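Participant:
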Amino acid sequence: MHRTIFAAVASAAFAIPALAHHGWGSYDATKPMTVTAVIEQVTLGNPHGDVMLTHQGEMWHVTLAPLSRMTARGANAEFVVQGKEATLYGFPKRDGTKEMRAEWIEIGGKRIQLR
1 MHRTIFAAVA SAAFAIPALA HHGWGSYDAT KPMTVTAVIE QVTLGNPHGD
51 VMLTHQGEMW HVTLAPLSRM TARGANAEFV VQGKEATLYG FPKRDGTKEM
101 RAEWIEIGGK RIQLR
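For the sequence shown, the working numbering puts the final residue at 115, and the numbers step up evenly by one.
(1) Report the rounded CA-to-CA distance for H48 versus G108, giving the unit in angstroms.
(2) Could you give the distance in angstroms between the alpha-carbon of K110 and the alpha-carbon of M33?
(3) Once you ignore the five residues that flank H21 on each side, which residues in its own chain have a CB closer than 8 Å to its CB?
(4) With distances taken from CA atoms, which of M100, L88, E99, G96 is nearest E106?
(5) Following the continuous alpha helix (DSSP H) through L67, name the residue where it begins and the one where it ends.
(6) Taking the alpha-carbon of E40 as reference, which of T30, V51, K31 has the nearest alpha-carbon?
(7) Just curious, the beta strand (DSSP E) that E197 is in, first and last residue?
(8) Please confirm whether G83 and V38 have their CB atoms less than 8 Å apart.
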């Protein structure tokens, strides 16, 4: 009985993060784009970091890499900062949502690969 309850709780614990994360197939790798704009919001965490910026008059959500990868490559909280101008290269959402998955980010002349 206790094993059954433990198994059910453990399964649920692993399923919740999986449901919260989205697949990369929702981004269109055939339509790469480069955006240069001031970072308006930053969230560095897991499952990945995010920035918000205005591109062509509209607010865009940019998905970055997981915190551990960004930190290991130098894209930490001192590098990705609200108010700094950044250039990001990546792929937009297929459904037209103002969102892109960044392959790299460049700030102050320093480019960091995210994938």
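Built from N, CA and C at the ideal position, the CB exists for glycine as well.
The model shown is predicted, which means the values in this text are computed figures rather than measured ones.
Facilitator: In short, the structure shows the following:
(1) Numbered from its first residue, the sequence shown carries residue 48 at position 48. Numbered from its first residue, the sequence shown carries residue 108 at position 108. Roughly 22 Å between the two C-alpha positions.
(2) In the sequence shown, residue 110 corresponds to position 110, counting from 1. In the sequence shown, residue 33 corresponds to position 33, counting from 1. Straight-line Cα distance between these residues: approximately 19 Å.
(3) Looking up residue 21 in the sequence shown gives position 21. Reliability fails at H21, whose pLDDT of 46 lies under 50, so the model's placement of it is uncertain and no value is given.
(4) One-based indexing of the sequence shown puts residue 106 at position 106. Nearest C-alpha to E106: L88.
(5) The residue given as residue 67 occupies position 67 in the sequence shown. That run of the alpha helix (DSSP H) goes 67-73.
(6) Taking the sequence shown and counting its residues from 1, one reaches residue 40 at position 40. The shortest Cα separation from E40 among T30, V51, K31 belongs to V51.
(7) The structure shown does not extend to residue 197, since the chain is modelled only from 1 through 115, so no value can be given for it.
(8) Translated into positions along the sequence shown, residue 83 becomes position 83. Translated into positions along the sequence shown, residue 38 becomes position 38. It is a contact, given that the beta carbons lie within the stated cut-off.
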